[in-house]
Amino acid sequence: MSTSTVWRFWVPPILWTALIFAASSASFSSAHTADWLATLINAIAGGPIAPDRFEVLHSAIRKAAHLTEYGILGALLLRAFRAESGRKWDIRWALAAVAISAAVAGLDEWHQLFVPSRTASPMDVLIDTIGAALAQVLFFKT
């Protein structure tokens with residue numbers, strides 16, 4: 006594998022993983038995202054929404070973010086495994102991409118155990134892994 010191949014195909018998933026780990030900080034905890042997200046949702050809704058409705062929306066948006074960020078990681082990893090082969094999809098690449106994404110998700114949640122304003126959740130690892138798997142399905146269908 007040439008140096009240009011490494012840079013072109015492997016640096017993006019490595020950088021995306023670094024971004025995921027950076028988002029594991031206290032700055033992106035639920036408590037810290039609630040205020041700006043409430044402002045955004047209230048602006049879209051045209052006024053304040055009930056606190057209980059906001060909590061449901063806030064949680065749903067955060068879970069959708071998990072699904073999306075790991076879907077992107079899964080897609081980037083599949084692209085890296087595929088590299089310049091000319092083939093669009095291979096079950097081995099897809100399984101490897103999902104496995105690596107699941108490992109990153111597990112490490113991310115483990116890290117959150119040590120961040121006071123964060124909580125670790127096995128459910129988040131499952132959601133993350135589903136996001137990576139969905140990306141494989143999308144690539145399979147193209």
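The sequence shown begins at 6 in the numbering used here and counts up one residue at a time.
Glycine residues also receive a C-beta, built at the ideal position from the N, C-alpha and C atoms.
Which same chain residues, not among the five before or five after ARG123, have their C-beta less than 6 Å away from its C-beta?
Along the sequence shown, one-based indexing puts residue 123 at 118. Contacts found: SER34, GLN117.
Could you check whether ASP95 and GLU114 sit closer than 9 Å to each other, using their CB atoms as the reference points?
Residue numbering aside, residue 114 sits at position 109 when the sequence shown is read from its first letter. Residue numbering aside, residue 95 sits at position 90 when the sequence shown is read from its first letter. No, the pair does not count as a contact, with Cβ atoms beyond the cut-off.
Roughly how many angstroms lie between the CA atoms of SER52 and VAL16, to the nearest whole one?
Translated into positions along the sequence shown, residue 52 becomes position 47. Translated into positions along the sequence shown, residue 16 becomes position 11. One detail in the question is off: residue 52 reads as Gly in this sequence, not Ser. Straight-line Cα distance between these residues: approximately 43 Å.
So the candidates are SER9, GLY79, ALA50, ILE54; which of them puts its Cα closest to the Cα of ILE25?
Numbered from 1 along the sequence shown, position 20 holds the residue referred to as residue 25. For ILE25, the nearest C-alpha among the options comes from GLY79.
Assign LEU131 to buried or exposed, taking buried as 16 or more other Cβ atoms, counted over all protein chains shown, within 10 Å of its Cβ.
Reading the sequence shown from its first residue, position 126 is the one you call residue 131. Classification for LEU131: exposed.
In three-state DSSP terms, what is GLY111?
In the sequence shown, residue 111 corresponds to position 106, counting from 1. In this structure, GLY111 counts as helix in the three-state DSSP scheme.
For THR192, count neighbouring Cβ atoms within 10 angstroms of its own Cβ and tell me buried if that reaches 16, exposed if not.
Here the chain covers residues 6 to 147 and nothing more, so residue 192 does not appear.
Go to ASP95, then tell me how far its alpha helix (DSSP H) extends in each direction, as first and last residue.
Locating residue 95 in the sequence shown gives position 90, counting from the first residue. Here ASP95 belongs to no alpha helix (DSSP H), and DSSP marks it neither H nor E.
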